[in-house]
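**Q**
Residue numbers (the UniProt record's numbering): 1 to 289.
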């Protein structure tokens, strides 16, 4: 083929048309993003937050400066919250580790009722304040909120926090993508210590979403997890685990040692989860064998 073939006017024109189409698509995408952002901003009516109904029983404040608030508005982790609703019953105890502003804990409260209990752990002072406000908003009296982190031992740890809306990614592990711009010192305890005054036989479900610190939380709850039979929902995110110095499949192995079998949720059903060497992002369910 003539080496000048692709220099002919037709191909030059085709290249220009292709560039124009890419530029047009980018402009369209930018327009859509702008429209979505403007629609989101209108919900606040000039305020920093607005009240949003999660269902007929539960309300939550969503915040202008929070990426998670926008995700919640769009149905964040619907599969997981539906699962929570399906397994909890009146009188149960639900443990929410990494509660943030309270999405899971708030949904659990009316389900477990006055004879049940929800215990939420959130180490960030700012996020904890919002969690507290959401509990008060709903006038729930069966939620015990604790402004403390969980780990494999008690003491104080550096906690890396976002000042730019990524509060849901706050972590005891440093971020590699600059989402977490600063750090604070916060108190930490262990799950075994924190559960000492709770009837552990009533704990039906434990949710752990701590942005890479899951392994250390599980080690800190070893006695409870080995002796009792709660269902455990754990976030598996390879990047977060790497930031904390381990691989996610170590969580898989650890819970097997504790006597658990792993499942994933597909179409509302639990499917046995074969161990993978890499987990980009997933929430898995561990149930005692």
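The C-beta atom is built at its ideal place from N, Cα and C for all residues, glycine as well.
Fair warning: this is a prediction, and the values are worked out from it, not measured in the lab.
Do residue 152 and residue 122 have their beta-carbon atoms positioned less than 8 Å apart in this structure?
**A** Not a contact, by the Cβ cut-off of 8 Å.
**Q** Report the partner residues of residue 145 according to the DSSP bridge assignment.
**A** In DSSP, residue 145 forms a bridge with 120.
**Q** State the start and end residues of the unbroken alpha helix (DSSP H) segment that holds residue 89.
**A** Note, residue 89: premise wrong, no alpha helix (DSSP H); not H, not E.
**Q** Under 8 Å by Cβ, that's how I've got residue 244 and residue 212 pegged, so tell me the actual separation to the nearest angstrom.
**A** That pair is a contact at about 4 Å.
**Q** Is any heavy atom in the ligand GDP found nearer than 7 Å to the beta carbon of residue 251?
**A** The ligand GDP is absent from the structure shown, which contains no ligands of any kind.
**Q** Run through the DSSP bridge pairs and tell me what residue 239 is partnered with.
**A** Paired residue(s): none; residue 239 is not in a bridge.
**Q** With distances taken between CB atoms, is the gap from residue 159 to residue 149 smaller than 8 Å?
**A** Cβ atoms of residue 159 and residue 149: closer than 8 Å.
**Q** Span of the alpha helix (DSSP H) holding residue 125?
**A** Segment 125–138, the alpha helix (DSSP H) holding residue 125.
**Q** Please check the pair residue 289 and residue 260, which I expect to be a contact at CB under 8 Å, by giving their CB distance rounded to whole angstroms.
**A** Contact flag correct, Cβ pair sits at about 7 Å.
**Q** To the nearest angstrom, report how far apart residue 219 and residue 140 are at their CA atoms.
**A** One C-alpha to the other measures close to 31 Å.
**Q** Could you spell out the range, first to last residue, of the alpha helix (DSSP H) harbouring residue 220?
**A** Residue 220 -> alpha helix (DSSP H) spans 214–220.
**Q** So what does residue 187 bridge to, in DSSP terms?
**A** Partner(s): 156.
**Q** For residue 199, which of helix, strand or coil comes out of DSSP?
**A** Of the three classes helix, strand and coil, the one that applies to residue 199 here is coil, per DSSP.
**Q** With DSSP as the reference, please indicate the residues paired to residue 265 in a beta bridge.
**A** Its beta-bridge partners are 270.
**Q** Spell out a yes or no on whether the stretch 95–103 and the stretch 117–135 are touching, meaning 3 or more CB-CB pairs, one atom from each, closer than 8 Å.
**A** Contact between the stretch 95–103 and the stretch 117–135 is present, because at least three Cβ pairs lie under 8 Å.
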